[in-house]
Amino acid sequence: MIPGSFEYYAPRSLSDAVKYLSAHKDDVKILSGGQSLLPLMKMRLSKPGYILDIGRIPGLDSIAEEGNNLIIGALVTHNQIEDSELLKKNCPLLPQTATTIADVQVRNRGTIGGSIAHADPAGDWPPAIMALDAEIKVVGPRSERWVKCNDFFLGLLMSVLEPDEVVTALKVPVTGNDKTAYLKAAPRSSGFAVVGVAVRMAMEASGVCSQIALGITGVADKAYRANRVEQMLTGKKLDSKLIEDVATESTRNVDVIEDINGSSEYRAHLTHVYVARAIQAAMQS
Amino acid sequence: MTEMISITLRVNGSERTAAVEPRRSLVDFLRHDLGLVGTHVGCEHGVCGACTVMLDGRTVRSCLLFAAQADGSEVTTIEGIGTDEALHPLQVAFQQHHALQCGFCTPGMILAALELLRDNADPSDEEIRVGLSGNLCMCTGYVNIVRAVRAAARDGNVR
Numbered sequence: 000m001i002p003g004s005f006e007y008y009a010p011r012s013l014s015d016a017v018k019y020l021s022a023h024k025d026d027v028k029i030l031s032g033g034q035s036l037l038p039l040m041k042m043r044l045s046k047p048g049y050i051l052d053i054g055r056i057p058g059l060d061s062i063a064e065e066g067n068n069l070i071i072g073a074l075v076t077h078n079q080i081e082d083s084e085l086l087k088k089n090c091p092l093l094p095q096t097a098t099t100i101a102d103v104q105v106r107n108r109g110t111i112g113g114s115i116a117h118a119d120p121a122g123d124w125p126p127a128i129m130a131l132d133a134e135i136k137v138v139g140p141r142s143e144r145w146v147k148c149n150d151f152f153l154g155l156l157m158s159v160l161e162p163d164e165v166v167t168a169l170k171v172p173v174t175g176n177d178k179t180a181y182l183k184a185a186p187r188s189s190g191f192a193v194v195g196v197a198v199r200m201a202m203e204a205s206g207v208c209s210q211i212a213l214g215i216t217g218v219a220d221k222a223y224r225a226n227r228v229e230q231m232l233t234g235k236k237l238d239s240k241l242i243e244d245v246a247t248e249s250t251r252n253v254d255v256i257e258d259i260n261g262s263s264e265y266r267a268h269l270t271h272v273y274v275a276r277a278i279q280a281a282m283q284s
Numbered sequence: 000m001t002e003m004i005s006i007t008l009r010v011n012g013s014e015r016t017a018a019v020e021p022r023r024s025l026v027d028f029l030r031h032d033l034g035l036v037g038t039h040v041g042c043e044h045g046v047c048g049a050c051t052v053m054l055d056g057r058t059v060r061s062c063l064l065f066a067a068q069a070d071g072s073e074v075t076t077i078e079g080i081g082t083d084e085a086l087h088p089l090q091v092a093f094q095q096h097h098a099l100q101c102g103f104c105t106p107g108m109i110l111a112a113l114e115l116l117r118d119n120a121d122p123s124d125e126e127i128r129v130g131l132s133g134n135l136c137m138c139t140g141y142v143n144i145v146r147a148v149r150a151a152a153r154d155g156n157v158r
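Going line by line, the protein sequences match chains P and B.
Each step along the first sequence adds one to the number in numbering that gives the first Met the number 0, with nothing skipped, and position 51 is 50.
Each step along the second sequence adds one to the number in numbering that gives the first Met the number 0, with nothing skipped, and position 135 is 134.
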């Protein structure tokens with residue numbers, strides 16, 4: 000399996016990268032870890048004439064504290080996130096999510112920026128970063144902008160990224176005492192989420208949930224926040240009956256997909272079960 | 000014809016320079032250009048793990064990497080960890096515990112197991128299975144593979 004021919008360019012600076020993107024924007028793909036792009040190119044589902052390898056641009060592969068936020072470079076690998084002591088302490092939802100992605104070889108190469116830009120509707124990062132209200136830094140030829148992740152994903156492999164723009168970083172909050180969990184149902188061979196649920200919640204000593212954010216992946220044409228479930232649980236003292244009852248609202252008004260891994264009815268049921276389990280896992284974290 | 004790219008990388012300790020087509024995968028570069036056929040080509044799209052090699056000390060699928068991306072890196076293949084005369088302790092353990100039948104998945108399995116044991120010197124059976132979950136065996140299953148990795152961990156000679 001050999002991809003079509005292309006011109007390869009691996010610039011050492013972001014400005015050179017953006018210039019190249021602008022020059023070839025109708026026929027260029029950005030290569031980061033390549034764990035999604037290479038299979039697509041080998042199967043000739045993607046046949047770009049130009050490949051822009053951003054892997055050699057300095058400064059995009061680190062995790063840094065900035066006030067009450069953490070800035071994660073686009074080239075940071077899933078494995079780096081999984082092992083980061085800084086993130087385990089300050090934003091544990093990200094390592095909790097990273098450890099469930101595919102297998103070791105993919106986690107060693109795949110990057111968070113690439114995964115977000117790819118906008119796979121079964122990707123693990125979209126629900127996690129949505130539950131964190133993260134922001135995505137996007138750089139283009141004329142400007143750079145921060146996009147709220149709730150506005151970033153548009154649908155199947157589609158985002159607000161323009162053809163001459165590149166994702167360079169992610170900004171997530173320090174989550175302090177908040178409780179978090181990421182749980183997914185996935186075939187072991189691929190690790191792709193049939194359903195994945197990310198939770199971030201704040202609990203008062205009395206057991207009342209003062210705030211909760213739920214991101215869900217694998218279920219629709221893009222990841223989404225279960226707003227209705229969040230509203231119904233906020234300010235309530237949580238017990239398993241309430242959680243299980245409210246979890247059934249997590250697919251209301253959602254066009255649940257159907258594929259080889261399950262009918263839409265099965266997937267909706269699985270979503271309810273995993274929403275309840277993920278909330279309970281977060282409470283116990 | 001697209002322009003060839005010149006790359007230089009260290010493979011099993013030796014510096015190698017070559018001109019490659021941009022679309023040349025690392026595994027095809029290793030096998031066809033360098034003649035290192037110990038790294039196997041299975042599914043060719045990132046599922047089976049047969050093409051697993053070490054890139055700068057971490058396992059990667061060499062079918063999901065262009066050779067150009069490995070320019071300047073250190074690559075270790077199965078040929079780089081043991082010789083016929085002096086097998087690597089994991090190779091000895093695979094032999095002793097019948098952890099292979101056809102041997103097609105074995106180079107990838109051994110490199111994946113090597114990274115696992117470097118990160119975790121005493122893994123549980125579950126941790127071994129998770130650590131090797133990116134490598135498929137189509138012959139017989141994984142019982143003896145897990146047994147061999149466990150034995151190699153117990154012997155404690157894996158570096």
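The beta-carbon is built from N, C-alpha and C at its ideal position, and this holds for glycine as well.
Check the Cβ of histidine 44(B) against every Cβ in chain P and list those closer than 7 Å, keeping chain order. Met0, Pro38, Lys41, Met42
Are arginine 276(P) and valine 218(P) closer than 8 Å when you measure CB to CB? no
What residues are listed by DSSP as bridge partners for alanine 201(P)? Gln210(P)
Assign cysteine 101(B) to one of two classes, buried (16 or more other C-beta atoms within 10 Å of its C-beta) or exposed (fewer than that). exposed
Could you tell me how far apart the beta carbons of isoleucine 211(P) and valine 166(P) are, in whole angstroms, since I believe they sit closer than 8 Å? Not really, about 27 Å apart at Cβ, beyond 8 Å.
For proline 21(B), I'd like the list of residues in its chain whose CB is within less than 7 Å of its CB, leaving aside the five on either flank, ordered along the chain. Thr1, Ile4, Phe65, Ala67
Taking three-plus beta-carbon pairs below 8 Å as touching, is the stretch 107-120 of chain P in contact with the stretch 139-151 of chain B? no
Using a Cβ-Cβ distance under 8 Å, would lysine 52(P) count as near chain B? Here residue 52(P) is aspartate; the residue named in the question, lysine, does not match the sequence. It does; some Cβ of chain B falls within 8 Å.
At the 8 Å Cβ level, is arginine 266(P) part of the contact set with chain B, yes or no? no
Which residue marks the beginning of the alpha helix (DSSP H) containing aspartate 244(P), and which one marks its end? 239-246
Since tryptophan 124(P) sits in a beta bridge, which residues does DSSP pair it with? Note: tryptophan 124(P) sits in no beta bridge, so no partner.
Just mark threonine 110(P) as buried or exposed, buried being the case when its beta carbon has 16 or more other beta carbons within 10 Å. buried
Does the stretch 182-198 of chain P come close enough to the stretch 54-74 of chain P to have 3 or more Cβ pairs within less than 8 Å? no
For threonine 58(B), which residues from the same chain have a beta carbon less than 7 Å from its beta carbon, with the 5 sequence-adjacent residues on both sides left out? Thr51, Leu110, Ala111, Glu114
Check whether chain P comes within 8 Å of valine 59(B), counting only Cβ atoms and requiring the distance to be less than that. yes
Are isoleucine 71(P) and leucine 213(P) close, meaning C-beta to C-beta below 8 Å? no
Within this structure, are the beta carbons of arginine 108(P) and glycine 32(P) separated by less than 8 Å? yes
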